[in-house]
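So the protein lines, in turn, are chains Z and L.
Under the working numbering, the first residue of the first sequence is numbered 1, with each subsequent residue one higher.
Under the working numbering, the first residue of the second sequence is numbered 1001, with each subsequent residue one higher.
Idealized CB from N, CA, C, for every residue including glycine.
Reading through the structure tokens given below for one structure.
2 protein chains.
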Amino acid sequence: MTRTTLLPAMQNAATSDTIAQALSLAIHEHRITPGTKLGEDELAEIYGVSRTVVRASLQSLSHLKLVDIRRNKGARVASPSLTEAHEVFEARELLEPRTARSAAKLATPSDIALLERHINEEHAALDTADPGRALYLSGLFHTEIARIANQGTIAGFIETLVARSSLIIALYWRRESALCEKHAHHALVRALADHDEEQAEALMRSHLVDLHSALDLRERNSRAPSLKEALSQ
Amino acid sequence: MTRTTLLPAMQNAATSDTIAQALSLAIHEHRITPGTKLGEDELAEIYGVSRTVVRASLQSLSHLKLVDIRRNKGARVASPSLTEAHEVFEARELLEPRTARSAAKLATPSDIALLERHINEEHAALDTADPGRALYLSGLFHTEIARIANQGTIAGFIETLVARSSLIIALYWRRESALCEKHAHHALVRALADHDEEQAEALMRSHLVDLHSALDLRERNSRAPSLKEALSQ
DNA sequence: GAACACATAATTGTATACAATACAAGAAGA
DNA sequence: TCTTCTTGTATTGTATACAATTATGTGTTC
Chain Z
1 MTRTTLLPAM QNAATSDTIA QALSLAIHEH RITPGTKLGE DELAEIYGVS
51 RTVVRASLQS LSHLKLVDIR RNKGARVASP SLTEAHEVFE ARELLEPRTA
101 RSAAKLATPS DIALLERHIN EEHAALDTAD PGRALYLSGL FHTEIARIAN
151 QGTIAGFIET LVARSSLIIA LYWRRESALC EKHAHHALVR ALADHDEEQA
201 EALMRSHLVD LHSALDLRER NSRAPSLKEA LSQ
Chain L
1001 MTRTTLLPAM QNAATSDTIA QALSLAIHEH RITPGTKLGE DELAEIYGVS
1051 RTVVRASLQS LSHLKLVDIR RNKGARVASP SLTEAHEVFE ARELLEPRTA
1101 RSAAKLATPS DIALLERHIN EEHAALDTAD PGRALYLSGL FHTEIARIAN
1151 QGTIAGFIET LVARSSLIIA LYWRRESALC EKHAHHALVR ALADHDEEQA
1201 EALMRSHLVD LHSALDLRER NSRAPSLKEA LSQ
């Protein structure tokens, strides 16, 4: 983890919030990956603050389950287990379709325009070979829909679930199914624009199921690759 | 807020977690009410630690929306707005019925026994005129069901929603509808014991709707009682 | 060469000191 | 009397210092 990996352009006034946001963005964009050690001194130097402030950010991120803090062992970027991964997507499948339905009822033309801008940015990021940013924007699309639905509490839940999904994708994504969404978001926006609640809910549900099944969440010999296999390569 | 209000029996080793838990319990049991100032020095003295540790607990509680921290203004017990109150219960109505269904599928005899113990304790607390404790146990009943459903992520959401409900009840409960649940929890346990998923889901939904409507969530002249009225008493 | 013990370094946990901000009371002026 | 300014006090924000714990590396023994 280098200075340039984490520092966007923040020469002045780093508060605990801005640091948490910067780290969160770096995690979203896969610039730092699950398991990465987040040393307090290191971060303190990078952002030009004392450990006090850094600790506050790390604690904040640990409440979002983006960072795993263990007593006397420090903080690392979280590595969701298979169980957690399933749970996160099941939670999303429970929350987001209904939320998309509400969003379809409430979406204004300016909401639609914003979502379309997001999609365009996402495609642009893909074209410029910046998959991390594309992934971040793809998540933003989901949190934005939650915001449109005007249910702040649920939107907050979805936001954390989307963030955790980013970790899960980093760990369990299988490249084979690279055909991914591409049109799913477009279709969703269309349903929202048409105030077609039924369709919005259905599209969101199937979109999430697609995502879920595009992950390699089979049971695996986790943490003990039998040693023989691992060394026989 | 006195020593005895917050200190259960903790003469040694108060960590940030134990303090957060103690405060959370006090909030649950309505021993400290929305709006109460939580001064850092005060808490530090009460629990015999430095402000560093206290700050960590308060930040933790603020992530759960039990405490409201404002920069340079300190921490107070949160006072959910009417909007927030509605949102919390709508979120519960979305999450908990489905969770109760899962719990009905998975509940073991020992789970049922535990739930029945909770109900008995709750009644005992009511008999000994300890409504705060009864309220806490009533919330515990809901989080316990979420735990049985074996969906840790959703259970975590429900836990925070239940906690926030405690604040909402402190602010908006109307005594008139004191007939409250009493049997609702019993009926739910029965449905869980019978593995009657349909029934469990339906009962949980109607139970939550009852709770929601037992609140006085009408629009009110919030935060500006016109000054004349306030002073004419 | 492997396993252990010990010393040393690095890192985190907690307390304290200082700086910055907000709040309250009182003084000066209109 | 009311307004406004000033000053003092209390409280929070941040940095630093020290304590406790963990990680590392070296030598020793088998």
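Own chain, CB closer than 8 Å to residue i, minus 5 neighbours either side, in chain order
{"i": "glutamine 1059 (chain L)", "result": "Ile1069"}
{"i": "histidine 195 (chain Z)", "result": "Ala104, Lys105, Ala107"}
{"i": "glutamate 201 (chain Z)", "result": "Pro97, Arg98, Ala100, Arg101, Ala104"}
{"i": "glycine 74 (chain Z)", "result": "Lys37, Leu38, Gly39, Glu40"}
{"i": "alanine 129 (chain Z)", "result": "none"}
Residue i classed as buried or exposed, judged by whether at least 16 other C-beta atoms fall within 10 angstroms
{"i": "serine 156 (chain Z)", "result": "According to the sequence provided, residue 156 (chain Z) is glycine. The question's serine does not apply to it. With 16 or more Cβ atoms within 10 Å of its Cβ, glycine 156 (chain Z) is classed as buried."}
{"i": "serine 1024 (chain L)", "result": "buried"}
{"i": "glutamate 198 (chain Z)", "result": "exposed"}
{"i": "arginine 3 (chain Z)", "result": "Annotation note: pLDDT 38 at arginine 3 (chain Z) (below 50); position unreliable, no value reported."}
{"i": "histidine 1207 (chain L)", "result": "buried"}
{"i": "proline 1097 (chain L)", "result": "buried"}
{"i": "alanine 22 (chain Z)", "result": "buried"}
Rounded Cβ spacing between residue i and residue j (contact assumed at less than 8 Å)
{"i": "alanine 1100 (chain L)", "j": "isoleucine 1145 (chain L)", "result": "6 Å"}
{"i": "leucine 1066 (chain L)", "j": "isoleucine 1027 (chain L)", "result": "6 Å"}
{"i": "serine 1102 (chain L)", "j": "glycine 1139 (chain L)", "result": "Going by Cβ atoms, the distance from serine 1102 (chain L) to glycine 1139 (chain L) rounds to 19 Å, so no, they are not a contact pair."}
{"i": "serine 1016 (chain L)", "j": "alanine 1056 (chain L)", "result": "4 Å"}
{"i": "arginine 1174 (chain L)", "j": "proline 1080 (chain L)", "result": "At roughly 16 Å, the Cβ-Cβ gap does not stay under 8 Å, so arginine 1174 (chain L) and proline 1080 (chain L) are not in contact."}
{"i": "alanine 184 (chain Z)", "j": "aspartate 210 (chain Z)", "result": "7 Å"}
{"i": "isoleucine 168 (chain Z)", "j": "alanine 85 (chain Z)", "result": "4 Å"}
{"i": "tyrosine 154 (chain Z)", "j": "leucine 94 (chain Z)", "result": "A quick correction: the sequence has isoleucine, not tyrosine, at residue 154 (chain Z). That belief does not hold up - the Cβ atoms of isoleucine 154 (chain Z) and leucine 94 (chain Z) are roughly 10 Å apart, past 8 Å."}
Residue i vs residue j beta-carbon contact at 7 Å
{"i": "valine 1054 (chain L)", "j": "glutamate 1040 (chain L)", "result": "yes"}
{"i": "arginine 92 (chain Z)", "j": "leucine 161 (chain Z)", "result": "yes"}
{"i": "alanine 14 (chain Z)", "j": "valine 49 (chain Z)", "result": "yes"}
{"i": "leucine 1082 (chain L)", "j": "leucine 1215 (chain L)", "result": "no"}
{"i": "arginine 76 (chain Z)", "j": "lysine 37 (chain Z)", "result": "yes"}
{"i": "leucine 135 (chain Z)", "j": "glutamate 121 (chain Z)", "result": "no"}
{"i": "glutamate 1029 (chain L)", "j": "glycine 1152 (chain L)", "result": "no"}
{"i": "histidine 1063 (chain L)", "j": "histidine 63 (chain Z)", "result": "yes"}
Under the three-state DSSP convention, the category residue i falls into
{"i": "leucine 1217 (chain L)", "result": "coil"}
{"i": "proline 225 (chain Z)", "result": "Reliability of the predicted coordinates at proline 225 (chain Z) is poor, the pLDDT of 36 falling under 50, and the value obtained from them is presented with this limitation in mind. Proline 225 (chain Z): coil per DSSP, three-state reduction."}
{"i": "glycine 1074 (chain L)", "result": "strand"}
{"i": "isoleucine 69 (chain Z)", "result": "strand"}
{"i": "leucine 1038 (chain L)", "result": "strand"}
{"i": "alanine 1230 (chain L)", "result": "Caution applies to alanine 1230 (chain L), whose pLDDT of 33 falls short of 50 and renders its modelled position unreliable; the value that the coordinates give is listed next. If DSSP states are grouped into helix, strand and coil, alanine 1230 (chain L) belongs with the helices."}
{"i": "threonine 5 (chain Z)", "result": "A caution first: threonine 5 (chain Z) carries a pLDDT of 48, below 50, which makes its placement in the model too unreliable to give a value."}
Sequence-distant residues of its chain with Cβ nearer than 7 Å to residue i (five each side left out)
{"i": "glutamate 116 (chain Z)", "result": "Val189"}
{"i": "arginine 1051 (chain L)", "result": "Glu1040, Asp1041, Ala1044"}
{"i": "alanine 125 (chain Z)", "result": "Arg133, Ala134, Leu137"}
{"i": "proline 1034 (chain L)", "result": "Val1077, Ala1078, Ser1079, Leu1167, Ala1170, Leu1171"}
Same chain only: Cβ atoms within 6 Å of residue i, ignoring 5 sequence neighbours per side
{"i": "serine 1212 (chain L)", "result": "According to the sequence displayed, residue 1212 (chain L) carries histidine and not serine. Within the same chain, histidine 1212 (chain L) has close Cβ partners Phe1089."}
{"i": "alanine 149 (chain Z)", "result": "Thr99, Ser102, Ala103"}
{"i": "alanine 193 (chain Z)", "result": "Ile112"}
{"i": "histidine 142 (chain Z)", "result": "Val162"}
{"i": "tyrosine 1047 (chain L)", "result": "Ala1014, Ile1019"}
Proximity test, residue i beta-carbon vs the ligand NAP heavy atom, cut-off 6 Å
{"i": "alanine 100 (chain Z)", "result": "This structure lacks the ligand NAP; in fact it carries no ligand of any kind."}
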